[in-house]
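Worksheet: the structure to be examined is printed underneath.
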Amino acid sequence: MRFELKIFLSIMVIFIVSLSVINFVNLFVINEILSKYEALYNRVYPDYLTRIYPDNFSEDLKVRYSRVVLLWEFILVITTSFLIYIVIDRYVKKEERYKSFLQLIILAISHKFGNALASIITNIEILKQKEDNKNLKRVEKVIQTLSHDIKTLSETFKNLTLDNRKEEVVDVKNLILESIKSFNPDGKKIITHLKPFKRYLSKTDLEIIIHNLLENAFKYSKSYVHVKNVKKCIIIKNDINPEVEGGSGIGLLIVENLCKLNGIKIKKRVSRKSFLVILDFS
Numbered sequence: 000m001r002f003e004l005k006i007f008l009s010i011m012v013i014f015i016v017s018l019s020v021i022n023f024v025n026l027f028v029i030n031e032i033l034s035k036y037e038a039l040y041n042r043v044y045p046d047y048l049t050r051i052y053p054d055n056f057s058e059d060l061k062v063r064y065s066r067v068v069l070l071w072e073f074i075l076v077i078t079t080s081f082l083i084y085i086v087i088d089r090y091v092k093k094e095e096r097y098k099s100f101l102q103l104i105i106l107a108i109s110h111k112f113g114n115a116l117a118s119i120i121t122n123i124e125i126l127k128q129k130e131d132n133k134n135l136k137r138v139e140k141v142i143q144t145l146s147h148d149i150k151t152l153s154e155t156f157k158n159l160t161l162d163n164r165k166e167e168v169v170d171v172k173n174l175i176l177e178s179i180k181s182f183n184p185d186g187k188k189i190i191t192h193l194k195p196f197k198r199y200l201s202k203t204d205l206e207i208i209i210h211n212l213l214e215n216a217f218k219y220s221k222s223y224v225h226v227k228n229v230k231k232c233i234i235i236k237n238d239i240n241p242e243v244e245g246g247s248g249i250g251l252l253i254v255e256n257l258c259k260l261n262g263i264k265i266k267k268r269v270s271r272k273s274f275l276v277i278l279d280f281s
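The letter at position 135 of the sequence shown is residue 134 when you use numbering that gives the first Met the number 0, and the numbering goes up by one with no holes.
So, in structure tokens, the structure goes:
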């Protein structure tokens, strides 16, 4: 269901409930006033109202009043809700255009930087054939880290659906197992202790979260990557390879923001021997 439609239906429900309560109180007060008026009039002029109005005068008046009120209530609710829906729809579409434009700009910049970095890496390889020194290797590592970060950003924005984000029931266990298959363990041991686990959220967002966490785990681990779930938590743990230098942290930054967007709590624990990430879905 679209966001605008949810707002439209919510406003209609709020209007209907609010006006119904007001009308109920209104009818109760009018009923009390009419009852007292009839009782008082009958004391002064016995049977006068009965002779003029053979039918039940007060009941007829209340029915006519209720019809008029309900008719105007219906017109007011539909008109006001529709106007609010149009305003919200225009605002949301404008925001979607801005988001799409921002996504396009970031992808274009990432593409340009990627091409430039590829050219720099090629030139470094040529220079290394002529003269291989430590300074050149440090520059190469920095360029490779930057290239990896730009690639991560680009892939994230390609997969991330900024418009019409769809939430659904996701089989977390199968998603993790499928994501693990996309990595080359390179001799590292993969340990999985996963039980059936489902959650209602954006599948695309969760795929990006799990992929980035596993990518970091495989990249910086020395001998193993351990993935398990305990109750409503996913735990990803790996040992640390001291020979691999740390990156800029752009992958974890993306993960943290996507977790916040989907209501997932993320905790990190770092020690000399291991790195552990906990995703709390509770």
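Every residue, glycine too, gets a C-beta built ideally from N, C-alpha and C.
In this text the structure is predicted, and so the values were computed from the model without any measurement.
Setting aside the 5 residues that flank it on each side, T79 is surrounded in the same chain by I10 and F14, each with a C-beta closer than 8 angstroms to its C-beta; the list follows chain order. Distances from the alpha-carbon of L174 to those of K236, E166 and F196 put F196 closest. Judged by DSSP secondary structure, N256 falls outside any beta strand (DSSP E) and instead within the alpha helix (DSSP H) spanning I249 to L260. If you check the CB distance, L205 and K236 do not come in under 8 angstroms. In this structure, DSSP gives R268 an extended state, which the three-state scheme calls strand. Burial check for V171: the Cβ neighbour count within 10 Å reaches 16 or more, so the residue is buried.
Between I207 and L257, the C-beta spacing is below 8 angstroms. Rounded to whole angstroms, the gap between the alpha carbons of T203 and I74 is 41 angstroms.
The three-state reading of DSSP puts K236 in strand, counting E and B together. Take the alpha-carbon of K230 and the one of I87: they are about 39 angstroms apart. Within the same chain, S220, K221, S222, Y223, K272 and S273 come within 7 angstroms of D238 by CB-CB distance, once the 5 residues on both sides are set aside. The residue from R198, K227, K92 and E94 with its alpha-carbon nearest to that of L176 is K227.
Under the three-state reduction of DSSP output, N183 falls in the coil class, being neither helix nor strand. The Cβ atoms of L145 and L126 lie no closer than 8 angstroms to each other. A check of alpha carbon separations from A216 across L193, P184 and Y199 identifies P184 as the nearest. Inclusion of E166 and L200 in the CB contact set at 8 angstroms is warranted, their separation being smaller than that value. Residues of the same chain with a CB within less than 7 angstroms of the CB of I189, apart from the 5 flanking positions on each side, are I179 and V224 in chain order. Collapsing the DSSP output to three states places F280 in coil. Inter-residue distance for R198 and I149 is about 30 angstroms (C-alpha atoms, whole angstroms). Take I6, set aside five residues on each side of it, and the residues of its chain with a beta-carbon closer than 6 angstroms to its own are I87, in chain order. Taken atom to atom, the span from the alpha-carbon of V76 to that of K92 is near 24 angstroms.
Here F27 is exposed, its C-beta having fewer than 16 other C-beta atoms within 10 Å.
Taking each of G186, K218, V16 and C232 in turn and checking the Cα distance to K194, the smallest one comes out for C232.
In the three-state reduction of the DSSP assignment, I190 falls in the strand class. In the three-state scheme derived from DSSP, where H, G and I count as helix and E and B as strand, E244 is classed as coil. Put simply, the backbone Cα of L69 is about 15 angstroms away from that of I29.
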